[in-house]
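Have a look at the structure below before the remarks.
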Amino acid sequence: MSDHLILIPVFNEAATLDRIVSGVRRHGTVLVVDDGSTDRSAAVAGAAGADVLRLDRRRGKGEALRRGARDALARGVDRVVTLDGDGQHDPDDIPRLLKAAAETPDALVIGCRLGADGARVMPSGRLAALRVAGFFINWLTGASIADTQSGFRVYPAGLLRAVTPRRGGFVLETEMLIRAAAAGWRLVEVPITTIHVRGRQSRFRPARDGIAVGVYLAGHILRRWGREMLTVAAALLRPFSAERRRPRHRAQAAFAASYRGNPAAWAVATGVFTLNCVVETWRGWWRDPRARCLRMVGTATVAAPLLLPLALAHALRARRGPYSAAAVEAAPDSGSDRLTAFVGRVYCQQGLAPLLPDARAARGRPAARPRPADYDVLVVGGGPGGATAATLLARGELSVAVVEREAFPRFHVGESLLPANLPLLGRLGVLDRIRQQGFITKYGASFHDQESELEYTFYFREGRPWPHYSFEVPRAEFDQILLDHARQQRGVTLLQPALVEEVRFDPDGVDARVSAGGATRDIRARFLVDASGRDAFLASRQGRRRPVPGLGKVAIFAHFRGARRWPGRDEGNIRIFIFEDGWFWWIPFAGDVTSVGCVLHARTVRGREGPLPELFDAMIGRCRRVSEGLEQAERITPIHTAANFSYQVEPVVGDRFLCVGDAVAFVDPIFSSGVYVAMQSAELAAAEIVRAFREDRFESARFAGYERRFRTGTNPFFRFIRHYYEPAFLEVFLRPRNVAGILDTITGVLAGGAFVRIPLRMRLSLEAFFAIVRINRWRRRRRGRPVESRLEW
Ligand SMILES: Cc1cc2nc3c(=O)[nH]c(=O)nc-3n(C[C@H](O)[C@H](O)[C@H](O)COP(=O)(O)OP(=O)(O)OC[C@H]3O[C@@H](n4cnc5c(N)ncnc54)[C@H](O)[C@@H]3O)c2cc1C
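Residues 156 to 948 (the numbering used here) make up the sequence shown, in order.
Given below as structure tokens:
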């Protein structure tokens, strides 16, 4: 079997096809895809010795190439050579193109018609349009290709597997260049000979095809331009960010403090300080390598909008002059292309490349042909996020491997569920099993502030899309039920205990090294879901796990037997006891066991010496409600700790992966949102992944919507958490009035009801609530009462 196939998509080329196929057959097996010709193209090709694939009607070059590529991949070839059926390509160039392809296996090889006499292969107007379009394509791909529209190419099989053409017509060539480069493939040009076929008119329709290419490019250009603008804006705005501004303001206040009695001197001191800051910030700025990149981004910001109309003008000029040998010979030489050269000089893309995220991601990807995948999806972690994702992916008919490090049942923090979790458990088909387990029912959340003695219980409301109750669950039992349920789905393989040690992505999928029982094995999947919880597996190895400023808190927790119980339906409520050094959670389980834990401000922990367990006892002693409640209790588990658990990761999605649950972010456990967010994000993620498999599209942009939904879903929680540590917020929160639906909205958010959809009424009530908090802060400040947020402690 040959290692390549020569693919010729044709439409009504009966006149030239016999000569082309005879010439091409000398260099390998030929597959002619007849795009619904109305002449004898298929018969001529077959008679000349080509394999023929006939499309029932004219479907366009894109579909012809797609079908041909599919056929070629099924034959197991390593490379597919494409050339046009109009006879303009010389078959004897094929060996040179194949040689270049063998030397650069990670490249798409393009036959370039624009040699030293480049100006003579097409009319000058069209050549100019090609060069302007070429500038943008090169800008987008980071390559330097002269003949971006050449159809004479060698595609590696791996590239065709990873990048299926979606466009047709003359956009196809452009699309394949941009998407191949984005998937990490190199673009290499090899000069070829162009044959002018006398009397033959080009199929290129300048207005229709030119505009189609222009529109396709414009979308990409605007996206890149927008991204570069954001890069510039982020760099310019950094000095004004809160993390830089706050210390600067503090230093400024300290610097001018001694002149406070004299307004003129104070103003001068403040002015001098500010000027000095500006000088320090910008000193030597232009020598910074980043500044060069920023200058180029600035140039592009000017260049792109200027060049787009120019490209259009060139395309319209190209309308004159049909593409025929006579026209080419008659056309005046287009002369040197000053425009592209000028922009190339002022806007050097190589310099900019390191700044751009997808250029960074594309570099260094291995191009060797990967082995077939063992599973469609590999899920790292079998907690609530991983188990939910695996169950729903298997329902979408994907094969899934879940790798979980720990043997279950195992202790885990995070035991209070939200009501919105229950419909989700129902959709998973595990709600009845959860009910049978006999977990205690939670009807509400009670808050008590030791300093102000304010106390309030939020009871979940009836008549909502979620029930008016939830459960308090020992996670050892709950996680075991979810993972068992996932394992029972057809198509799910559970590896447990097993550790994912390392992963490596390529354009076709991901290879993972998994160790279990002292042995190591490689697993290959087409997609990866990171559900590794606070380990944030991918971000800690290939991205960033950024702590959330001001939330460097520490949690200390354990289970107790014989702790106080509240009577009646209040027994199962989660209780939050706020005291000076932080707050305690009090989560009762069915039977006689209660989970008690405290979240401490970082400065409380920093100021202490000695082991954390001792600190736990000391904190219990400082919180009256907790020490009274634990008077008769005995601790039945070791004391566990979690420190610096507030973070966000980057990236959340990427080519062939996405993260769910705690592997994306965790901020604060105050509103018991963690398990629900993990499971809900896994449900959203599974739906996106199943769709991605149907469309065979796995690039990171495909999953941007998921990341957006995660962020908007968690926003209401984060907003409450940020304000929760302010006394002005607590005062309003613990004395809620049911005006403008505020009480309803707070309980809705606390129930998890704002994640998937936040109705306008709820949004407005939330704004009303936070307006009241702002007014209260202002009143407290006027009365000289503290307003400082404990978030920063
Ligand atoms: C102090 C504190 C209190 C909390 N209280 C609550 C609460 O009351 N209610 C609530 O809903 N949430 C709470 N949470 C949050 C909750 O614990 C998490 O949000 C939730 O467990 C996230 O689920 P997950 O599936 O994303 O991650 P996890 O439940 O952490 O599961 C991740 C799994 O991945 C496995 N894993 C990790 N790395 C690998 C690897 N390389 N290979 C194989 N397996 C791996 C781990 O063993 C683990 O089992 C609390 C969190 C903290 C810190």
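From the three backbone atoms N, C-alpha and C, an ideal C-beta is built for every residue, glycine too.
Owing to the predicted nature of the structure, the values given are computational and were not obtained by experimental measurement.
Sorted by chain position, which residues of the same chain lie with C-beta nearer than 6 angstroms to residue i's C-beta, five sequence neighbours on each side aside?
{"i": "Val781", "result": "Phe732, Phe739, Ile775"}
{"i": "Ser177", "result": "Ala203"}
{"i": "Pro806", "result": "Gly698"}
{"i": "Leu921", "result": "Thr900"}
{"i": "Glu854", "result": "Asp810"}
{"i": "Arg716", "result": "Asp747, Val748, Glu789, Ile791"}
{"i": "Arg932", "result": "Ala883, Val942"}
Spatial neighbours of residue i within its chain, please: C-beta separation below 7 angstroms, excluding the five flanking residues on both sides.
{"i": "Val628", "result": "Glu570, Leu572, Phe594"}
{"i": "Arg763", "result": "Leu770"}
Taking buried to mean at least 16 other C-beta atoms within 10 Å of its own C-beta, is residue i buried or exposed?
{"i": "Ala311", "result": "Strictly speaking, residue 311 in this sequence is Pro, with Ala absent from that position. Pro311 comes out buried."}
{"i": "Arg918", "result": "exposed"}
{"i": "Gly416", "result": "exposed"}
{"i": "Phe712", "result": "buried"}
{"i": "Asn293", "result": "buried"}
{"i": "Ile930", "result": "exposed"}
{"i": "His870", "result": "Residue 870 is actually Asn in this sequence, not His. Looking at its Cβ environment, which holds fewer than 16 other Cβ atoms inside 10 Å, Asn870 is exposed."}
{"i": "Asp241", "result": "buried"}
{"i": "Phe395", "result": "exposed"}
{"i": "Thr759", "result": "buried"}
{"i": "Ala542", "result": "buried"}
{"i": "Arg234", "result": "buried"}
{"i": "Val427", "result": "exposed"}
{"i": "His404", "result": "exposed"}
{"i": "Gly540", "result": "buried"}
{"i": "Gln835", "result": "buried"}
For residue i, collect the residues of the same chain with a Cβ closer than 8 angstroms to its Cβ; drop the 5 residues on either side in sequence, then sort them by chain order.
{"i": "Tyr614", "result": "Tyr598, Gly599, His623, Thr902"}
{"i": "Thr612", "result": "Gly599, Ala600, Ser601, Phe602, Asp725, Asn728"}
{"i": "Gly183", "result": "Ser157, His159, Leu160, Ile161, Val236, Ile249"}
{"i": "Glu657", "result": "Ala667, Arg668, Arg696"}
{"i": "Leu785", "result": "Phe715, Ala718, Arg719, Val751, Ile775"}
Mind checking whether the beta-carbon of residue i lies closer than 7 angstroms to any heavy atom of ligand 1?
{"i": "Phe566", "result": "no"}
{"i": "Ala859", "result": "no"}
{"i": "Glu843", "result": "no"}
{"i": "Tyr831", "result": "yes"}
{"i": "Ala200", "result": "no"}
{"i": "Leu654", "result": "yes"}
{"i": "Glu657", "result": "no"}
{"i": "Ser625", "result": "no"}
{"i": "Val535", "result": "yes"}
{"i": "Pro824", "result": "yes"}
{"i": "Ser607", "result": "no"}
{"i": "Val754", "result": "yes"}
{"i": "Arg689", "result": "yes"}
{"i": "Asp817", "result": "yes"}
{"i": "Gly541", "result": "yes"}
{"i": "Ala718", "result": "no"}
{"i": "Glu862", "result": "no"}
{"i": "Phe910", "result": "no"}
{"i": "Glu570", "result": "yes"}
{"i": "Phe692", "result": "yes"}
Assuming residue i and residue j form a contact by the criterion Cβ under 8 angstroms, report the distance between their Cβ atoms to the nearest whole angstrom.
{"i": "Pro564", "j": "Gln635", "result": "5 angstroms"}
{"i": "Ala408", "j": "Ala424", "result": "So it is not a contact: roughly 10 angstroms between Cβ atoms."}
{"i": "Val568", "j": "Ala745", "result": "With a Cβ gap of about 18 angstroms, Val568 and Ala745 do not count as contacting."}
{"i": "Val287", "j": "Leu465", "result": "6 angstroms"}
{"i": "Thr296", "j": "Leu285", "result": "The pair is not a contact, with the Cβ atoms about 15 angstroms apart (cut-off 8 angstroms)."}
{"i": "His143", "j": "Val748", "result": "Residue numbering for the chain in the displayed model covers 156 to 948; residue 143 lies beyond these limits and cannot be assessed."}
{"i": "Ala694", "j": "Ala671", "result": "Going by Cβ atoms, the distance from Ala694 to Ala671 rounds to 24 angstroms, so no, they are not a contact pair."}
{"i": "Asp189", "j": "Arg209", "result": "5 angstroms"}
{"i": "Phe291", "j": "Leu385", "result": "Actually they do not touch by this definition, with Cβ atoms about 19 angstroms apart."}
{"i": "Ile876", "j": "Ile825", "result": "6 angstroms"}
{"i": "Asp531", "j": "Ala367", "result": "With 8 angstroms as the limit, Asp531 and Ala367 do not qualify as a contact, their Cβ atoms being about 34 angstroms apart."}
Is residue i near ligand 2, going by C-beta to nearest heavy atom under 7 angstroms?
{"i": "Glu561", "result": "Ligands present in the displayed structure are limited to ligand 1, and ligand 2 is not among them."}
Between the stretch 245-253 and the stretch 205-222, do at least 3 Cβ pairs fall closer than 8 angstroms? no
Cβ contact check for the stretch 937-944 and the stretch 880-888: 3 or more pairs under 8 angstroms: yes
Measuring CB atoms only, is the stretch 224-232 touching the stretch 315-326, in the sense that at least three cross pairs come out at less than 8 angstroms? yes
Report yes or no: do three or more beta-carbon pairs, one from the stretch 780-796 and one from the stretch 827-838, lie closer than 8 angstroms? no
Tell me whether the stretch 527-547 and the stretch 840-858 touch, counting them as touching only if at least three CB pairs, one residue from each stretch, are closer than 8 angstroms. yes
Do the stretch 858-874 and the stretch 575-583 touch if we need at least three Cβ pairs shorter than 8 angstroms? no
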